[in-house]
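Protein chains: 2
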Amino acid sequence: MSTSDTTTGAALAYVEQHRDAFLEELKALLRIPSISTLPEHKQDVERAAQFVADALTRTGIENVNVIKTAGHPLVYGEWLKAEGKPTVLLYGHYDVQPVDPRDQWLSDPFEPEIRNDNLYARGAVDDKGQMYGLVKALESLMHAHNGSLPVNVRVLIEGEEEAGGEAIEAYVKEHPERLASDVALVADTGMPAPGVPSLVYGLRGIIYTEIHAQGARHDLHSGEFGGVGPNPIHALALVLAGLKGADGKITIPELYERLQPVTDEERALWKRNPVDVPAEMMKEMGIDVLPGEEGIDPIERATARPTLEVHGIKGGFIGDGSKTVIPAEATAKVSLRLPPGLRPAEVLALLEKRVAELCPPGVKMTVHEINGGDAVLVPVDNIFMRAAEQALEQEWGTPPAYERSGGSIPVGALFDSELHVPIIFMGTGLPDDNIHAPNEKYHIPNYYHLIRQVIRFLEIVGSDPAILSRPAKQS
Amino acid sequence: MSTSDTTTGAALAYVEQHRDAFLEELKALLRIPSISTLPEHKQDVERAAQFVADALTRTGIENVNVIKTAGHPLVYGEWLKAEGKPTVLLYGHYDVQPVDPRDQWLSDPFEPEIRNDNLYARGAVDDKGQMYGLVKALESLMHAHNGSLPVNVRVLIEGEEEAGGEAIEAYVKEHPERLASDVALVADTGMPAPGVPSLVYGLRGIIYTEIHAQGARHDLHSGEFGGVGPNPIHALALVLAGLKGADGKITIPELYERLQPVTDEERALWKRNPVDVPAEMMKEMGIDVLPGEEGIDPIERATARPTLEVHGIKGGFIGDGSKTVIPAEATAKVSLRLPPGLRPAEVLALLEKRVAELCPPGVKMTVHEINGGDAVLVPVDNIFMRAAEQALEQEWGTPPAYERSGGSIPVGALFDSELHVPIIFMGTGLPDDNIHAPNEKYHIPNYYHLIRQVIRFLEIVGSDPAILSRPAKQS
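Line order of the protein sequences matches chains A and B. The opening residue of the first sequence carries number 47 in the working numbering; numbering runs sequentially from there. The opening residue of the second sequence carries number 47 in the working numbering; numbering runs sequentially from there.
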């Protein structure tokens, strides 16, 4: 038995002994309604930042700092005493999505409730639970190593992941030297099914916009102006239907041409996934079709093709009963998910042009960028990816699926482009975790799996001869 | 000078003497927020009904009764002592539209304010002002005739005109004998321009619906399900865009085929209108085009063609910032205006069929009827129409324009089909009165014009030998 086997065993035993405490601490964090997009929760967001900072300090992480920004604070901490060992940058976020529609929650989104081994709360899995799992893995390792760690770590936790992440972007771009690392570990992703661990090697980027339509200078009566007046809701409908037809194809010229194609190697890796992902997705949605681009495999559609989605729309009279108004304005929130090859700023310009083409006479439309982020594609033959694969196989008794995720974690692109590190995305969310939706949950056993797999990964990174002998900054 | 000239003069003088009182009374009525579609205003609606009943009683109208219904009350009163004279049914409504968007009102919608000879308040012109003008015309005639009237009158005022008018429909269908009359007078329409009186001889019907779209069984995350998940907002956009293209044509089969064509006689009458209606409409809307059906005259589009309008739409996240949700459901309020030839129930069935055809896979749509009403077309050669023309020419010094209105006054169709009376629509609203919109107003001189033209009309009906010698119930 090697030293690292011994310390790993001790760390895992520590997790077992502290199951209840680790869960109670997470519940306390989940009680803080740190909704980053809503200004009225600014103080809650700050409270959550302090909670995380305090937890890191108690763990023995050094130089813990709640960094003020133009937006919500960043929490930073480090432990850099493992001489000659790699440096791992651990990332998570302590902010959460809004909770509406509030009336569809079966329990208070900010009073965690356990039902059937699941912990229900906003942020349970995205990302408070997974982020806090990183902290608890460090705590367990600190204990097993008698107050030290098998690798150097930097911890960077943000509070604006659900709100555009401008603060972390500015910080990383301004101070890349303060975050110099060999690899980044991000626990903010999911698994394709219970029991099937996953390594996400690709993420889509995003451009998120608001399209505003203005018709007449004030609301009109449809009896008087129906037939001759501009209707901004109908104009938005024409534009949205024109941007993506019933065949699921986005009609923005050049979009598909610019796309970096999926390789045969990747398709072969996808086939190793034991889960029937399309069947699981239909089950989760409660429908028996998978709408979208005709002629493209659903897995590719969900992870490696551009999408255009309307997230919200508002205009005119929406109360009970009837009001025969033609409203003066209407607004829709529209985003495109962008696989590698498509850059947010370029796609925004293409979208603006296409919206202008599709907008009918009498209506003026403007497209505002809300936020954006680049795609990421980590080379699957990376040495740290091998370590992660080994850690997951140890923890789950089965090799991980290699997946692209359809989601966007802008920090992934940021670390990629600014810090030049490979990023290991190893999350334990499940497809039915209802992230960004009512009744978000975290499957409690997966919370402990995450803590343990992070322990295993850091131990391997700290002891694998291949990693230790690599040239500095190899990726 | 005939007797009727004398009494008319006395009644008009009475109006002049009571200008201030007539206006103050209307302001008191406008202070009651009798919004019929909002349940929280039920008591206000009842208060407005009682206000109208009290005003009729004070005027000398008999058997005044606030009639309870399944919805909001009807106010009825009569004066039937003019032996051998025709009976005129006077109609108006005391309920009003909601006020949202509230923040666009320059003054409190329920605290009437006078600016530039206009009275600003919700309901100022639609229809409290015009309805109350009928009452004040009766009061003036009562004074001039020493406590009697030149004709028999029945007064029926409803409180659900803006909310579907089910109560009046039930009442009229159950008790047509209680409303037996020779002609109905409705003051709930407008004039094409200041100084140009109008006789509206046609109204469009309407079918008002709510279309509900259901996608997945709960909200989805667009990162996870974008590309394979059903988006009910986008589905609604496809349906709305599919129902009416950018060319303004409604794509419901059979719709245009069933339409009763406009006659050459009508087009000739329209040409007598001195107002450049399309120019006025563009000015009012603040735009320099008139969107709508290609190849059809704007006046015809606005009054004699079917229209399809979205009045409101709601779905997903509409707050500040971003939320990458694919919502589970979305709803739109959609109506069609129906010229003669198109019946609400038939068009509803056609709409349902077309929506089902256009709805993309993975989304379920339902079309709920909110309310409906038939079109009306009164023969322009009617004898009471002649009396109205004479009254308007006397009052304004210029002959009236004959117009179809694009709006729907369901009670018109109801009186037509159930009471078999010609309906005289002689309102004094102006195109810029902002009905159903923020800053609704009534041009104060037009309030007095309305009172005076109703006085003149009732005097003529009570004294015209042609009317008095006609067979009973001629129309």
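Note that beta-carbon positions come from the ideal geometry of N, C-alpha and C, so glycine has one too.
{"Check": "Proximity of residue 389 of chain A and residue 298 of chain A at Cβ, strictly below 7 Å", "Outcome": "no"}
{"Check": "Buried versus exposed, by CB contacts within 10 Å (16 or more), residue 232 of chain B", "Outcome": "buried"}
{"Check": "Closest residue to residue 235 of chain A among A/225, A/458, A/189 and A/425 (Cα-Cα distance)", "Outcome": "A/458"}
{"Check": "Proximal residues, the segment 469-487 of chain B versus chain A, C-beta separation under 8 Å", "Outcome": "477, 480, 481, 482, 483, 484 and 485"}
{"Check": "Min CB distance residue 417 of chain B to chain A below 7 Å", "Outcome": "yes"}
{"Check": "Closer than 7 Å to chain B by CB, residue 244 of chain A", "Outcome": "no"}
{"Check": "DSSP-derived helix/strand/coil call for residue 521 of chain B", "Outcome": "Any reading at residue 521 of chain B is ruled out, since the residue's pLDDT is 39, under 50, leaving its predicted position unreliable."}
{"Check": "Contained alpha helix (DSSP H) runs [length at least 4] in the segment 326-413 of chain A, N- to C-terminal order", "Outcome": "344-349 and 390-404"}
{"Check": "Length of the line joining the Cα atoms of residue 385 of chain A and residue 128 of chain A", "Outcome": "37 Å"}
{"Check": "Cβ-Cβ separation, residue 376 of chain B to residue 361 of chain B (assumed contact under 8 Å), whole Å", "Outcome": "3 Å"}
{"Check": "7 Å Cβ cutoff met for residue 540 of chain B and residue 499 of chain B", "Outcome": "Residue 540 of chain B is absent from the structure shown; chain B starts at 47 and stops at 521."}
{"Check": "Separation of residue 170 of chain B from residue 214 of chain B, as counted between CA atoms", "Outcome": "22 Å"}
{"Check": "As assigned by DSSP and simplified to three states, the class of residue 103 of chain B", "Outcome": "helix"}
{"Check": "contact_flag[the segment 243-251 of chain A, the segment 416-432 of chain A] where n(CB pairs < 8 Å) is 3 or more", "Outcome": "yes"}
{"Check": "Residue 197 of chain A classed as buried or exposed, judged by whether at least 16 other C-beta atoms fall within 10 angstroms", "Outcome": "buried"}
{"Check": "According to DSSP, residues forming a beta bridge with residue 118 of chain B", "Outcome": "Answer by DSSP bridge pairing: none, since residue 118 of chain B is not bridged."}
{"Check": "Whole-Å CB distance - residue 348 of chain B paired with residue 274 of chain A, under 8 Å assumed", "Outcome": "5 Å"}
{"Check": "Residues within the segment 345-358 of chain A neighbouring chain B, beta-carbon criterion of under 7 Å", "Outcome": "347, 348, 351, 353, 355, 356, 357 and 358"}
{"Check": "Own chain residues within Cβ distance below 7 Å of residue 211 of chain A, not counting five before or after", "Outcome": "204, 456 and 457"}
{"Check": "With 16 other Cβ atoms within 10 Å as the buried cut-off, status of residue 380 of chain B", "Outcome": "buried"}
{"Check": "Residues sharing a beta bridge with residue 471 of chain B, DSSP", "Outcome": "B/232 and B/246"}
{"Check": "Closest by C-alpha distance to residue 172 of chain A, when choosing among A/366, A/338 and A/72", "Outcome": "A/72"}
{"Check": "Residue closest to residue 272 of chain B, alpha-carbon to alpha-carbon, out of A/352, A/416, A/440 and A/157", "Outcome": "A/352"}
{"Check": "7 Å Cβ cutoff met for residue 219 of chain B and residue 464 of chain B", "Outcome": "yes"}
{"Check": "Buried/exposed call for residue 152 of chain B, threshold 16 Cβ in 10 Å", "Outcome": "exposed"}
{"Check": "Given 8 Å, three or more beta-carbon pairs between the segment 53-70 of chain B and the segment 329-344 of chain A", "Outcome": "no"}
{"Check": "Coarse secondary structure for residue 451 of chain B, derived from DSSP in three states", "Outcome": "strand"}
{"Check": "Extent of the continuous alpha helix (DSSP H) run through residue 145 of chain B", "Outcome": "Neither: residue 145 of chain B is in no alpha helix (DSSP H) and is coded neither H nor E."}
{"Check": "Residues that residue 161 of chain A bridges to, as DSSP identifies them", "Outcome": "A/164"}
{"Check": "For residue 121 of chain A and residue 308 of chain A, the rounded distance between their alpha carbons", "Outcome": "36 Å"}
{"Check": "Reference residue 149 of chain B, options A/164, A/75, A/264 and A/93, closest by Cα", "Outcome": "A/264"}
{"Check": "Cutoff 7 Å: residue 117 of chain B Cβ touching any chain A Cβ", "Outcome": "no"}
{"Check": "CB contact check: residue 80 of chain B to chain A, cutoff 7 Å", "Outcome": "no"}
{"Check": "Residue 91 of chain B and residue 99 of chain B closer than 7 Å at C-beta", "Outcome": "no"}
{"Check": "Endpoints, the beta strand (DSSP E) within which residue 133 of chain A is located", "Outcome": "133-139"}
{"Check": "Pairwise C-alpha distance: residue 159 of chain A and residue 478 of chain A", "Outcome": "17 Å"}
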